[in-house]
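Sequence lines, in order, name chains A and B. Using the numbering used here, read the first sequence as starting at 412 and increasing by one per residue. Using the numbering used here, read the second sequence as starting at 2 and increasing by one per residue. Using N, Cα and C, we set each Cβ at its ideal position, and we do this for glycine too. Nothing here was measured: the structure is a model prediction, and the numbers come from that model. Working notes, beginning with the structure itself.
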Amino acid sequence: YKTFDGDLKWDNRDVTYRIINYTPDMDISLIDDAFARAFKVWSDVTPLTFTRLFDGTADIMISFGKADHGDPYPFDGKDGLLAHAYPPGEGVQGDAHFDDDEYWTLGTGPAVKTSYGNAEGAMCHFPFTFEGKAYTTCTTSGRTDNLPWCATTADYSSDKKYGFCPSELLYTFDGNADGAKCVFPFVFLGQEYDSCTTEGRNDGYRWCATTSNFDNDKKYGFCPSRDTSVIGGNAEGEPCHFPFVFLGKEYDSCTSEGRGDGKLWCSTTNSYDDDNKWGFCPDQGYSLFLVAAHEFGHALGLDHSNIREALMYPMYSYVKDFSLHEDDIEGIQYLYGEVMKNGVIIQNRIKMRKCPLLNPFSQPTLFSFFRKQNNTDETDSPDGPTDPTTTATTRPVDPTKDACKLTNFDTITVIDGELHFFKDGHYWKMSSERNGGLQGPFSISQKWPALPAVIDSAFENILARKLYFFSGTRFWVYTGKSVLGPRSIEKLGLPNSIQKVEGALQRGKGKVLLFSGENYWRLDVKAQKIDKGYPRYTDAVFGGVPSDAHDVFQYKAHIYFCRDRFYWRMNSRRQVDRVGYVKYDLLKC
Amino acid sequence: WSAPLKSVFVTFPGDIMKNMTDTELAEGYLKKFGYINTLKRSGFQSMVSTSKALKRMQRQMGLEETGEMDKSTLDAMKRPRCGVPDVAN
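Written out as structure tokens, the structure is:
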């Protein structure tokens, strides 16, 4: 799986969505249900909940549109692009758009929900038999009012169960007429219409007036598609006309003649040659549920996967009994964690592949293991250890101790290969492994009892296995559980004018750069003395970073300078190659 | 032997999809989904060769990495899919 650059995700766990409009291809209740089921795919495996809004701005705004539909990425007619969605964020970010030149179904042909009749809204059963004849579509046979209907069991003659199929003669949707049926003929701009029309609109949607005169009453609604209607073309909503003539030859069924793409089409009048009215024939359609589940994956922060069986694989394929692939689950839980029965959020329960012989910054390789459980002697979490074969990192849901809620940190440093974030008596740690999870908060006083609550800077002397902590004008040196200090930073040769050490960078063996204000000094760790020739101006050597950075540290071969919630990342050639958010890029919030 | 069918292609009014050659289709696909003309962070335009882009696309799609517009690659390009680019720009 892949996440978007910067691991874009929603800050809130209660994500809202709103359905802006509907496709005419399916009953509204089926569309609502498809979207709700698509969200459930993700809420089943994460602590996320999804709440539907009926007005206002939701996190995820869902809409159907054709071709140019208001964003810079137009759709392309039937097939090809089906939908797209934006990663989490403000405005259009998080929104999902579906191409309404597609035929939206539940993936296996027309999904026709009935109204009225005696089947209590059941789905049509195709094929069904009526008076000895089999029907694979809704029919008007046996009726004089021209209303299409279907049986909801295989045999109408024996079961007598039926309902009416979507038709503009029965109802409209959206618009301003509360779903009233079309009135034919109706007058629009002085002209009379006997059927639904796309006139007056530039989005290709078919509409009708629900009174006899739109010019006077301004009442309208959109026409639902009939299961027999063609899709796209220039006669959407009309049924195929069989037989029809094309290039002088008569056709009794849909054909791909005349097209290079093999798609089946038909004429909606008796002669394509004369009238040029056509559309694509209804096919299996695309499962709105499957496509929506994929798009909502994007809207939650997942990019495309290259695993063919994964939901987030970019290509569409229909599956009957859908279940979320492990790759998708790992991806979404990397972003949001998973939820356990006792309400505790398991943060980033990620199966990672690591060769234990390699250094912690190496690329993932062969072996599988789960994130190590917090050491019980250093966790504030009330939760006990879990099954060691499936251990996970637990984090109490306490917003006051949520690292993701903090604007900045007292210091950030790497200890034992893991990024540590210190703030007001607590610290969190993030594994340096790819997809490693955030652990904490832990108590500083529990782990390093001699230290004060506020740590300005820290570094690890790996060779000597010592940890140096700076707070104000004092510093401490921990070796395991034994501690030296506090001692004055003047003992190291730093001037008494400096108020605190704000950053520390390891430079080769036994040398550490200490930052304060606009200057830095080089400490010889073994001699415990500042080298000659210092201080130097930070901006003379580290160009392009803030001169008032409050955290400086080295992580994965890059140097980070932090100010407020941002970081400036510098590569080994001392070029700033990235500016980003501590919260999203380092904490993976 | 029966005479080969002579297909005549017409332009259907209102049809958004234009008749494209395979090369046009492939180039459009590789551009649309981010495999070529990837805008780098530093702001310069990097022209990735079509062969490299095809290999990248083939790897993403789990196809044999030939770097050529073979049939399976073209077939994959014609399949319905999500509009979000595979390679972030």
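Sequence-distant residues of the same chain with beta carbon closer than 8 Å to residue i, five excluded per side
| i | result |
| --- | --- |
| Tyr527 (chain A) | Gly574, Phe575 and Leu581 |
| Leu75 (chain B) | Asp23, Leu26 and Ala27 |
| Thr51 (chain B) | Ala27, Glu28, Leu31 and Ile37 |
| Thr468 (chain A) | Arg429 |
| Asn587 (chain A) | Lys629, Lys630, Tyr631 and Gly632 |
Below-8 Å beta-carbon distance, residue i vs any chain A residue
| i | result |
| --- | --- |
| Ser47 (chain B) | Residue confidence is low: Ser47 (chain B) scores 48 on pLDDT, short of 50, so the model does not pin down where it sits. No coordinate-derived value is stated. |
| Gln59 (chain B) | no |
| Ala89 (chain B) | yes |
| Asp16 (chain B) | yes |
| Gly63 (chain B) | yes |
| Gly68 (chain B) | no |
| Leu40 (chain B) | Legend: pLDDT at Leu40 (chain B) = 45, less than 50; position of this residue unreliable, value from coordinates given subsequently. For Leu40 (chain B), the answer is no, since every Cβ of chain A falls outside 8 Å of its Cβ. |
For residue i: DSSP bridge partner residues
| i | result |
| --- | --- |
| Ala494 (chain A) | A:Phe509 and B:Cys83 |
| Gln602 (chain A) | A:Phe599 |
| Asp935 (chain A) | A:Lys922 and A:Lys940 |
| Glu661 (chain A) | A:Val656 |
| Phe633 (chain A) | A:Phe584 and A:Trp618 |
| Tyr546 (chain A) | A:Phe539 |
| Ala915 (chain A) | A:Leu925 |
Pair within 8 Å by beta-carbon distance, residue i and residue j
| i | j | result |
| --- | --- | --- |
| Phe833 (chain A) | Thr818 (chain A) | no |
| Phe853 (chain A) | Ile866 (chain A) | no |
| Thr540 (chain A) | Ala533 (chain A) | no |
| Gly648 (chain A) | Cys607 (chain A) | yes |
| Gly15 (chain B) | Gly644 (chain A) | yes |
| Ile471 (chain A) | Val426 (chain A) | yes |
| Glu610 (chain A) | Cys593 (chain A) | no |
| Gln995 (chain A) | Asp418 (chain A) | With the sequence shown as reference, residue 995 (chain A) is identified as Tyr, and Gln is not the correct amino acid for it. Their beta carbons are under 8 Å apart, which means Tyr995 (chain A) touches Asp418 (chain A) by this criterion. |
| Lys79 (chain B) | Gly68 (chain B) | no |
| Cys619 (chain A) | Phe597 (chain A) | yes |
| Leu701 (chain A) | Gly742 (chain A) | no |
| Leu727 (chain A) | Tyr514 (chain A) | Reading off the sequence, residue 727 (chain A) comes out as Tyr, not Leu. Not a contact, by the Cβ cut-off of 8 Å. |
| Val963 (chain A) | Gly914 (chain A) | yes |
| His961 (chain A) | Val85 (chain B) | no |
| Gly632 (chain A) | Thr621 (chain A) | yes |
| Ala721 (chain A) | Tyr412 (chain A) | yes |
| Ile855 (chain A) | His837 (chain A) | yes |
| Leu998 (chain A) | Leu849 (chain A) | yes |
| Ile740 (chain A) | Gly690 (chain A) | no |
Option in the options with minimal Cα separation from residue i
| i | options | result |
| --- | --- | --- |
| Val952 (chain A) | A:Met981, A:Ser682 and A:Thr550 | A:Met981 |
| Thr434 (chain A) | A:Val963, A:Gly896 and A:Asp511 | A:Asp511 |
| Cys651 (chain A) | A:Glu661, A:Ser640 and A:Leu998 | A:Ser640 |
| His705 (chain A) | A:Phe977, A:Trp421, A:Val993 and A:Trp453 | A:Trp453 |
| Ser725 (chain A) | A:Val912, A:Ile473, A:Leu464 and A:Gly491 | According to the sequence shown, residue 725 (chain A) is Pro rather than Ser. The candidate whose alpha carbon is nearest that of Pro725 (chain A) is A:Gly491. |
| Glu737 (chain A) | A:Ser728, A:Phe655, A:Phe625 and A:Ser716 | A:Ser716 |
| Thr551 (chain A) | A:His508, A:Asn613 and A:Arg637 | A:Arg637 |
| Ile718 (chain A) | B:Asp71, B:Leu64 and B:Ala54 | B:Leu64 |
| Asp566 (chain A) | A:Thr555, A:Pro559, A:Phe584 and A:Glu542 | A:Glu542 |
| Gly481 (chain A) | A:Phe461, A:Asn613 and A:Thr519 | A:Asn613 |
| Cys815 (chain A) | A:Arg876, A:Tyr992 and A:Gln939 | A:Tyr992 |
| Ser568 (chain A) | A:Gly553, A:Leu558, A:Pro559 and A:Asn557 | A:Gly553 |
Neighbourhood of residue i by C-beta, 6 Å cutoff - its chain only, sequence neighbours within 5 removed
| i | result |
| --- | --- |
| Asn423 (chain A) | none |
| Phe537 (chain A) | Thr547 |
| Gly921 (chain A) | Val936 and Lys937 |
| Leu924 (chain A) | Leu916, Arg918, Tyr931 and Arg933 |
| Gly883 (chain A) | Lys911 |
| Trp421 (chain A) | Pro499 |
| Tyr945 (chain A) | Trp932 and Arg933 |
is_contact[residue i, chain B] using C-beta, thresh 8 Å
| i | result |
| --- | --- |
| Asn645 (chain A) | yes |
| Arg463 (chain A) | no |
| Asp470 (chain A) | no |
| Asp479 (chain A) | no |
| Asp416 (chain A) | yes |
| Ala710 (chain A) | no |
| Arg980 (chain A) | no |
| His652 (chain A) | no |
| Leu675 (chain A) | no |
| Trp689 (chain A) | yes |
| Leu492 (chain A) | yes |
| Ala445 (chain A) | no |
Nonlocal neighbours in the same chain, by C-beta distance under 7 Å from residue i, ignoring five residues either side
| i | result |
| --- | --- |
| Phe13 (chain B) | none |
| Ser958 (chain A) | Glu929, Thr949 and Asp950 |
| Glu829 (chain A) | Lys840, Met841, Ser842 and Ser843 |
| Phe733 (chain A) | Leu701 |
Chain E contact for residue i (CB, 8 Å cutoff)
| i | result |
| --- | --- |
| Met437 (chain A) | The chain labelled as chain E is not found among the protein chains of the depicted structure, namely A and B. |
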